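Protein chains in written order, with our numbering: chain A, 414 to 846; chain B, 17 to 447; chain C, 174 to 564; chain D, 13 to 292.
We treat Cβ as the ideally placed atom computed from N, Cα and C, and that holds for glycine.
Since the model is a prediction, treat every value here as computed from it, not as a measurement.
Right, one structure below, let's go through it.
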Amino acid sequence: MRTFIGIDLGSTTTKAVLMDENRQVLGRGITNSRSNYDVAAKVSKQESKIAARFTLFKNALGSGGGAELLLADLERNFRLEQFLSELNQLEATCYRYLDHERFKDLKGPLREALETVFKTITVEAPTIYAPGAERKSDFFRDIAGSRFMNLAESVGKQAGLSFDVLLNVYDKSIIDIESQVSSDETVSAQLLNGLARAMGEVAGLDISKADAQKALESVLGQELEETYVVGTGYGRVRLPFPKEHIRSEILCHGLGAHMMFPRTRTVLDIGGQDTKGIQVDENGIVVNFQMNDRCAAGCGRYLGYIADEMNIGLHELGPIAMKATKATRINSTCTVFAGAELRDRMAMGENRADILAGLHRAIMLRAMSIISRSGGVTEEFTFTGGVAKNEAAVKELRQLIFENYGEKTINISAESIYTGALGGASFAHSAGN
Amino acid sequence: MNNSNQDVIKSNSQLLQKEMISRNYDRITSGQFKVSSTFVPGNLNELLMCFDIANNLPEINAIQNAMRKKSGDFITEAERSGHSEDVCTYVKADIGMMEKGNIAPNGKPFPDPDMLLLSYTGCFTFLKWFELLREQYKCPTVMLHVPYAADGKVTKNMRDYIVTQLKEEVIPTMEKISGIKFDIDRLREYLRKSAQAENDLVWMLEQSKHKPSPIDCYFGGVYYMGPIFTAFRGTDEAIVYYKLLREEIQQRIDLGLCAQTPEGDMSEEKYRLVVEGPPNWTSFREFWKMFYEMGAVVVASSYTKVGGVYDYDNFRHDPDHPLESLADYCLGVYTNRNLPTRVDMLARNVKEYEADGLLINSIKSCNSFSAGQLVMMREIEKLTGKPGAFIETDLVDPRYFSAANVKNRLESYFQMIDQKRRAGGSATVAV
Amino acid sequence: MSAKPVEKIVDFCQGIFEDITFAKARQWKDAQPGRKVIGYMPVYVPREIIHAAGMLPLGILGGGADMEVIHGDAYYQSYICRIPRSTIELAITGKLDFVDGMMFPSICDVIRNLSGIWQIMFKDKYVRYFDAPQNFKDEIGGVFYSNELRELKEGLEKLGGREITDAQINNSIAVYNENRDWVNRVYDFRAATPWNAPAAEVYLLMRAGMVLPVEEHTQLMKDYLEAAAAEPRPMRDNCRVTLIGTFCEQPPLNLIKSLEMAGCYIVDDDTMLVTRWLLEAVPTDGDPIDNLSKAFLHHSAETAAKYEVNLEEKGSYMLESIRKRGADGVIFAAPSFCDPALLDQPMMVHRLEALGIPYITMQYAENSGQMQPIREQAGTFADSIKLWSSS
Amino acid sequence: MATAIGIDVGSGVIKTALFRVDGDKTEWLSRWDARIRQRDAHTLVEESIESVLKDAGLQRQQINYIASTGEGETLKGTTGHFYSMTTHARGAIYLNPEARAVLDIGALNGRAISIDAQSKVLTYRMTSQCASGSGQFLENIARYLGIGQDEIGSLSLQSTNPEKVSGICAVLAETDVINMVSRSIAPSDILRGIHESMADRLLKLLKAIGVKQGVVMMTGGLALDIGLVKAIQDGMDKQHMNTRVAAHPDSMFAGAIGAALWGAFRYQKLKSRGQLPIAS
Ligand SMILES: Nc1ncnc2c1ncn2[C@@H]1O[C@H](COP(=O)(O)OP(=O)(O)O)[C@@H](O)[C@H]1O
Ligand SMILES: Nc1ncnc2c1ncn2[C@@H]1O[C@H](COP(=O)(O)OP(=O)(O)O)[C@@H](O)[C@H]1O
Ligand code: SF4
Ligand code: SF4
Ligand code: SF4
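Okay, structure coming up:
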């Protein structure tokens with residue numbers, strides 16, 4: 414079938430949206446941009462195709478008969494498969510690095526420690542993907558990384574190994590792992606494996622194993638033709654695309670927001686390293702925009718940095734900040750210095766939640782300035798980009814919008830991180846038709 | 017094409033201008049004339065001519081150095097000697113040049129000025145700039161304080177104040193330095209010549225109303241303004257130059273040509289812009305290229321008014337009221353006008369020149385221009401219904417020109433204009 | 174009046190300082206129908222004429238360290254100092270709605286253009302850009318300035334709906350003469366015993382003068398001096414500095430405190446110069462406009478805002494301050510992106526270097542939060558004066 | 013004679029040194045350092061005092077002066093505080109008596125200080141409030157590249173074709189490195205490029221304070237980075253500065269050393285005036 418894909422190569426994450434000829438979104442894919450750009454684009458595209466296959470499979474199964482349960486379970490199992498396979502590769506890579514000049518002398522003890530660490534993670538993995546489990550991130554690097562750090566610290570201590578060395582082995586290996594794209598065959602195999610497990614796990618299905626397998630095979634056999642691909646985002650100029658396939662991220666965000674919420678007139682997008690305030694008209698056409706960039710202060714990466722600084726997951730920041738009773742005033746403009754300020758204040762006994770609330774407020778204050786610069790909020794307002802997933806950020810935003818512009822409709826979609834890619838896909842659709 | 021940043025446009029008028037500029041530098045460095053330094057806005061060239069004093073303009077030197085890629089070093093040099101990173105880079109380029117030998121573009125050393133004519137017009141930095149130079153040269157410095165036209169009009173008190181300063185301070189100082197007695201008839205004669213060139217200049221400015229516009233009134237405009245803004249107002253050479261320019265432009269109109277660029281004529285005029293703010297000089301070619309490559313031409317700009325506003329209220333130098341007209345000239349330069357007037361001027365340009373919108377190139381160095389531009393943009397958008405865009409660069413500091421950033425913004429802006437045009441107001445999603 | 178303890182006076186001033194709604198000025202205005210308030214930006218405006226018109230001159234010095242500036246950045250690029258953006262924020266969030274007119278003195282292009290923004294955005298308010306002459310001869314700059322003063326007077330007459338008589342202005346001049354006199358006494362007191370008048374306290378005392386009616390402010394200073402003298406405090410092993418460059422955008426209070434904490438007693442500064450811009454008492458008889466004009470031309474502080482006609486006189490105000498207050502050195506603290514302060518600084522530095530007077534330079538914004546680098550610099554400065562002096 | 017402890021509370025690392033001073037004779041008795049890494053600085057300081065005392069075989073009562081420096085102004089239990097530039101200057105002279113300038117590069121800030129033979133601070137410049145080009149920045153990049161801190165220097169020395177980088181944000185460093193990696197630039201070239209850009213900034217600071225000749229002593233943790241040291245020397249040579257950069261294995265301790273020595277100095281001075289200081 415003909416498909417149209419928009420890829421938003423962001424500074425921290427790369428997103429893809431795949432739509433069919435009727436401009437129906439079939440799949441969304443995301444990965445972190447930390448590997449090289451080509452790979453990031455490929456991975457996100459592959460992910461969006463995987464999601465599309467889920468959609469197609471779902472359509473094939475129809476509703477009822479426990480199809481929803483099966484699908485959910487398949488997804489979990491598939492993700493677990495993916496995780497384990499990457500973990501395996503990471504482990505093997507780590508061992509390979511032990512022959513490196515730096516680690517040779519410690520090879521034996523290091524190997525032992527690493528084995529313990531990886532064994533533990535492998536055993537834990539099913540719980541990470543257990544039904545209803547909360548994951549700290551969507552990305553392998555983050556999930557595996559945070560487990561690795563925690564385990565390495567204690568395992569290393571027992572073995573008398575320095576944490577820095579273990580960390581270094583990990584840092585070296587993860588780069589290699591992130592530069593890999595799974596082939597269609599691997600994905601198909603993982604999906605079929607996942608299905609087999611799910612069929613075993615889910616009770617009370619009206620669907621026979623053979624039917625399900627046949628349906629999935631037929632979906633996997635269907636070619637998803639990349640009729641037209643449009644690239645956008647921070648890294649768009651580095652995409653291996655011809656110039657006419659590239660659109661400004663401002664336009665894509667404006668259009669994407671319009672497609673999700675047609676009455677939107679003001680869009681705020683906070684991504685990894687830039688913040689944009691965009692005004693669109695009734696057709697989703699950008700009439701004004703402001704952005705600030707190249708300084709992480711007040712952008713998504715700021716949150717990532719703070720999370721690292723506090724050694725917690727990105728997904729945990731918001732919930733902690735929500736527990737605050739007041740927002741500490743944060744003065745540092747630079748993220749790095751905010752990190753220092755944070756340490757300072759913690760040392761002085763200030764409450765962690767309050768400080769975090771203050772940091773979120775600081776981010777939103779900067780965003781408010783940009784909105785104001787782009788022309789303020791007059792009608793419906795949509796918040797897009799990764800930071801829209803952070804409830805504490807959203808809370809501060811709602812309050813600030815209310816304080817400054819009164820009661821306004823504020824839209825936030827669960828898929829807000831895909832806004833730019835959605836706009837891109839839509840551009841692809843019209844260009845390819 | 018040629019790779020020198022200097023001769024960007026090759027035409028007879030351009031060649032003539034080049035020759036005029038180098039002749040002026042030769043004059044300044046010849047050692048045969050008394051030399052005064054002064055500023056482009058409020059530049060009293062005719063008066064200096066009455067005393068045979070050569071006119072050296074540090075702002076122009078800074079531009080020349082920027083285009084020759086020398087300003088960066090000069091600025092660092094000045095910062096090294098204690099000048100702040102935050103202040104106008106023209107000043108630092110000038111002071112750095114001084115510290116590095118004070119060599120003019122013709123390769124000869126600049127002589128120490130015999131006087132500093134501090135025409136304090138439209139820019140606070142001027143005042144400190146010449147105080148700083150005075151520390152070095154210890155030469156006579158004469159302040160000509162031009163009050164700010166804060167209410168959009170010139171009052172009698174302002175004009176009288178300037179005329180008195182001319183009579184009591186400026187002219188006597190020039191007489192003393194040059195040993196030449198002031199002859200008001202000589203001044204009248206120069207002013208008559210000024211007015212003549214100014215007529216052709218205004219004609220030129222208005223030709224970009226044509227579609228396509230035969231000229232670019234920003235990037236090209238800075239060349240066209242050269243003589244009248246510098247040491248040639250009041251000379252026969254300027255008259256000749258503007259006549260020649262007029263003929264060239266007329267020819268382009270007759271042939272229906274698009275604006276001229278360093279790489280030949282633009283093939284198509286896709287976007288028409290009005291630009292506020294000075295250009296960036298360190299990457300002038302690259303900057304300009306971003307525009308013509310995307311098919312954008314500038315049909316009017318405020319920068320072509322910094323050395324005097326001749327079209328907006330039709331000011332001409334007036335031989336019948338010589339000192340008063342010099343006062344009015346100073347009071348009327350673009351940066352000496354209040355924001356409501358600047359808004360009105362630009363909004364009228366957007367409308368009269370049928371532009372797609374206003375682009376502001378906001379200059380880090382220059383508070384005189386930049387402070388308030390965001391408000392101006394919003395006002396002008398409101399008045400014209402056309403979208404504005406905002407980019408940020410600097411004059412002569414290469415550190416503040418981020419090509420990728422500027423390009424990103426310009427591209428988005430032009431795509432926005434496109435998308436808007438395509439939608440044509442239809443209610444369906446335009447993609 | 175019996176002396177109040179210092180703390181009470183300082184708390185009162187602190188309250189005024191922190192109140193960005195200007196409640197004190199609002200109270201004054203509401204106390205009698207028809208009263209008018211004229212806001213002015215830093216450096217210098219002839220407050221005597223506003224006072225004579227029966228109006229309250231209200232000094233507006235930005236938004237301070239704690240105000241959240243949201244819309245301000247929509248008006249100003251990042252490379253413009255902070256005071257105009259917080260001032261705009263004050264205005265568009267309604268905190269200046271009771272102010273009937275604004276005066277923008279000629280200090281720099283930022284404030285100059287702010288007058289235009291006011292004209293565009295607040296069309297119903299009286300807006301006056303107040304030009305001061307850069308020519309200091311009676312028959313040239315003097316004539317111009319007298320006319321400007323007269324225009325101002327006429328504008329205020331129109332706004333207030335009544336004539337302003339010479340007698341009224343002369344009376345106001347006397348009131349301000351007294352105020353200036355007490356300001357100078359506070360500064361003298363601090364210079365003599367800086368531990369008894371911490372810089373932050375003196376600062377708050379002067380800030381109160383930006384909002385309170387002048388008569389009240391004068392009384393407040395009298396009370397403070399009496400209270401401070403009665404409450405001796407321990408002297409610390411600090412060096413003595415003059416603070417230069419703070420004449421417009423204000424340093425955060427924490428900065429002032431940090432300097433003293435790091436070992437530098439501030440014995441003079443150039444904050445709120447309007448209170449002591451005129452160096453001598455202005456005659457209270459004769460033509461008041463001419464008197465004010467002459468005072469400006471011949472007896473006003475020589476600062477970055479003015480052109481100094483004589484090369485030799487450049488820096489004289491600063492040097493006199495060092496001499497008179499017995500400072501060991503100078504701290505140049507300029508607002509980031511402040512043209513007047515930063516362009517003037519190299520010339521001031523030359524003067525100090527020629528005399529072997531130590532100095533340091535630093536930059537701030539009214540909302541600077543990080544005091545660590547400030548303390549670091551001031552502390553090192555104090556360390557080196559202390560460790561290498563004979564003590 | 014005086015015995016003094018100097019404690020340098022950095023933004024990343026705490027360093028403590030114990031000295032005995034007798035007239036012109038100085039003796040370094042013991043030392044201690046640890047990364048703060050989300051631990052309470054005050055507790056670490058306590059720990060460090062215990063540890064240096066133990067190593068020197070001394071009791072707390074035998075210490076005449078405990079001097080803090082760095083971010084230690086609010087520490088309890090100290091006798092006095094000296095500011096970083098004062099102490100780094102003193103530490104630099106201790107480590108290399110020929111030093112006439114100091115380049116102190118820590119995790120967040122960099123500064124250049126010109127000093128005289130008596131370690132008096134003459135002038136200085138600091139980097140601005142942006143951590144681009146700081147130690148933190150280098151650390152982030154190294155981590156992204158999978159390079160250990162101690163590897164940075166030697167790798168940088170292997171570079172053949174340094175990649176030019178302009179001041180980039182410490183937080184966004186990774187993005188920029190991805191950019192470089194995706195253009196297949198070798199890690200050693202990236203590191204050398206960063207070292208050159210840092211060297212450039214630092215040399216600007218040096219020039220701004222008018223250092224034209226003599227020994228420039230590097231203090232702070234980054235003095236251990238031989239790649240950076242080399243890049244600075246190369247930069248000096250290229251710009252025809254008549255200066256020589258020096259680093260010392262104990263450079264990271266310069267602040268602590270200086271604090272201890274000034275503490276001892278101050279103690280003796282006050283004692284001679286009959287005012288004995290006590291720890292607060
Ligand atoms: N679940 C989440 N909770 C909180 N923040 C998130 C979440 N997911 C992503 N983010 C934030 O969103 C940012 C990425 O946003 P994105 O719009 O993808 O930016 P870019 O396009 O620049 O990569 C991350 O830096 C992170 O701070
Ligand atoms: N061997 C090394 N090579 C490179 N950098 C190092 C090395 N050892 C320590 N560092 C750096 O030194 C920094 C700590 O230096 P320090 O002067 O103690 O900083 P601070 O005083 O700010 O804590 C750390 O950020 C670390 O990056
Ligand atoms: S501030 Fe602006 S007008 Fe003034 S000298 Fe600089 S560039 Fe020219
Ligand atoms: S702080 Fe300086 S630049 Fe800013 S408004 Fe005041 S005087 Fe002007
Ligand atoms: S200020 Fe901080 S966050 Fe911003 S660019 Fe610099 S290092 Fe990055």
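heavy atom of ligand 2 below 6 Å from GLU175 of chain D C-beta:
Against the fourth sequence, residue 175 of chain D aligns to sequence position 163. Result no, Cβ not under 6 Å from ligand 2.
By DSSP's criteria, THR81 of chain D is part of a beta bridge. Which residues make up the other side?
If you number the fourth sequence from 1, residue 81 of chain D lands on position 69. For THR81 of chain D, which the question treats as bridged, DSSP gives the partners D:ASP20.
Within the region 121-169 of chain B, note down every full alpha helix (DSSP H) run reaching 4 residues or more, in order along the chain.
140-153
Residue from C:LEU377, C:ILE429, C:ALA527 and C:GLU312 whose Cα sits closest to the Cα of LYS467 of chain C
Here the question's residue 467 of chain C lines up with position 294 in the third sequence. Comparing Cα-Cα distances from LYS467 of chain C to each of C:LEU377, C:ILE429, C:ALA527 and C:GLU312, the minimum goes to C:GLU312.
Between the C-alpha atoms of ASP421 of chain A and TYR416 of chain B, what's the straight-line distance to the nearest angstrom?
Along the first sequence, one-based indexing puts residue 421 of chain A at 8. Along the second sequence, one-based indexing puts residue 416 of chain B at 400. Cα to Cα, ASP421 of chain A sits roughly 28 Å from TYR416 of chain B.
Taking 6 Å as the cut-off, is the CB of GLN635 of chain A close to at least one heavy atom of ligand 2?
On the first sequence, position 222 is the one that residue 635 of chain A refers to. Checking every heavy atom of ligand 2 against the Cβ of GLN635 of chain A, none is found closer than 6 Å.
Presumed contact (8 Å Cβ cut-off) between ASP443 of chain C and TYR360 of chain C, rounded CB distance:
The sequence position of residue 443 of chain C within the third sequence is 270, counting from 1. The sequence position of residue 360 of chain C within the third sequence is 187, counting from 1. At roughly 11 Å, the Cβ-Cβ gap does not stay under 8 Å, so ASP443 of chain C and TYR360 of chain C are not in contact.
Pick from B:ARG43, B:LEU362 and B:ASN377 that is closest to GLU370 of chain B, judged by C-alpha positions
On the second sequence, residue 370 of chain B is found 354 positions in, with the first residue counted as 1. Residue B:LEU362 is the option with its Cα nearest to GLU370 of chain B.
Quick check: is the beta carbon of GLN389 of chain B nearer than 7 Å to any beta carbon in chain A?
Residue mapping note: residue 389 of chain B aligns to position 373 of the second sequence, counting from 1. By this cut-off, GLN389 of chain B is not an interface position.
Are GLY324 of chain B and SER378 of chain B closer than 7 Å when you measure CB to CB?
The count along the second sequence starts at 1 and reaches residue 324 of chain B at position 308. The count along the second sequence starts at 1 and reaches residue 378 of chain B at position 362. Result no, Cβ atoms of GLY324 of chain B and SER378 of chain B do not sit closer than 7 Å.
Return yes when the Cβ of VAL387 of chain C is within less than 7 Å of the Cβ of VAL348 of chain C, no when it is not.
On the third sequence, position 175 is the one that residue 348 of chain C refers to. On the third sequence, position 214 is the one that residue 387 of chain C refers to. Their beta carbons are under 7 Å apart, which means VAL348 of chain C touches VAL387 of chain C by this criterion.
Interface positions of the region 242-254 of chain B facing chain C (Cβ-Cβ less than 7 Å), listed along the chain
Here the close residues number zero.
PRO257 of chain C in three-state terms, based on DSSP
One-based indexing of the third sequence puts residue 257 of chain C at position 84. Correct three-state label for PRO257 of chain C: helix.
By how many angstroms is the C-alpha of LEU134 of chain B removed from the C-alpha of VAL316 of chain C?
Here residue 316 of chain C refers to the residue found at position 143 of the third sequence. Here residue 134 of chain B refers to the residue found at position 118 of the second sequence. Rounded to the nearest angstrom, the two C-alpha atoms are 20 Å apart.
Residues of chain B with CB closer than 9 Å to the CB of GLN550 of chain C, please, in chain order.
Locating residue 550 of chain C in the third sequence gives position 377, counting from the first residue. Residues of chain B passing the Cβ test: none, with the nearest at roughly 16 Å.
In chain order, what residues of the region 163-186 of chain D put their CB closer than 9 Å to some CB of chain A?
GLU163, ILE180, CYS181, ALA182, VAL183, LEU184 and GLU186
Any heavy atom of ligand 5 closer than 6 Å to the beta-carbon of SER144 of chain D?
The residue given as residue 144 of chain D occupies position 132 in the fourth sequence. True, at least one ligand heavy atom lies under 6 Å from that Cβ.
Within 10 angstroms of the Cβ of ILE463 of chain A, are there 16 or more other Cβ atoms? Answer buried if so, exposed if not.
Here the question's residue 463 of chain A lines up with position 50 in the first sequence. Buried is the call here.
Could you give the distance in angstroms between the alpha-carbon of MET491 of chain C and the alpha-carbon of LEU342 of chain B?
Position 318 of the third sequence holds residue 491 of chain C. Position 326 of the second sequence holds residue 342 of chain B. Spanning the two alpha carbons is a distance of roughly 37 Å.
Apart from the five residues just before and just after LEU269 of chain C, which ones in its own chain have a Cβ nearer than 6 Å to its Cβ?
Taking the third sequence and counting its residues from 1, one reaches residue 269 of chain C at position 96. Excluding positions up to five away in sequence, the list reads LEU263.
Hey, is the region 430-446 of chain A in contact with the region 570-583 of chain A, meaning 3+ C-beta pairs nearer than 8 Å?
no
Write down every uninterrupted run of the alpha helix (DSSP H) in the region 174-254 of chain B whose length is 4 residues or greater and which is fully enclosed by it, in chain order.
187-194, 200-222 and 237-245
With a threshold of 7 Å between beta-carbons, can TYR234 of chain B be considered close to chain C, or not?
Counting from one through the second sequence, the residue named residue 234 of chain B turns up at place 218. No - not a single Cβ of chain C is within 7 Å of the one on TYR234 of chain B.
Between the Cα of TRP297 of chain B and the Cα atoms of B:LYS85, B:TRP145, B:ASP89 and B:ALA312, which residue gives the shortest distance?
In the second sequence, counting from the first residue as 1, residue 297 of chain B sits at position 281. That would be B:LYS85, whose Cα lies nearest to the Cα of TRP297 of chain B.
Okay, do the region 63-70 of chain D and the region 30-41 of chain D touch, 3+ Cβ pairs below 8 Å being the bar?
yes
Look at the alpha carbon of TYR258 of chain B and the alpha carbon of ASP270 of chain B, and state the distance between them as a whole number of angstroms.
Here residue 258 of chain B refers to the residue found at position 242 of the second sequence. Here residue 270 of chain B refers to the residue found at position 254 of the second sequence. Each residue's Cα considered, the two are about 18 Å apart.
Keeping to the same chain, check which residues put their C-beta closer than 6 Å to that of ASN824 of chain A; ignore five residues upstream and five downstream.
Counting from one through the first sequence, the residue named residue 824 of chain A turns up at place 411. Sequence-distant partners of ASN824 of chain A (beyond 5 residues in either direction) whose C-beta falls short of 6 Å from its own C-beta, in its chain, are PHE674 and THR795.
Relative to the C-alpha of ILE117 of chain D, which candidate in D:GLY103, D:THR139 and D:GLU175 has its C-alpha closest?
Along the fourth sequence, one-based indexing puts residue 117 of chain D at 105. Ranking the options by Cα distance to ILE117 of chain D, first place goes to D:THR139.
So CYS507 of chain A contacts chain D; which residues on that side make the cut at Cβ distance below 9 Å?
In the first sequence, residue 507 of chain A corresponds to position 94, counting from 1. Correct list: empty, because the minimum Cβ distance to chain D is about 11 Å.
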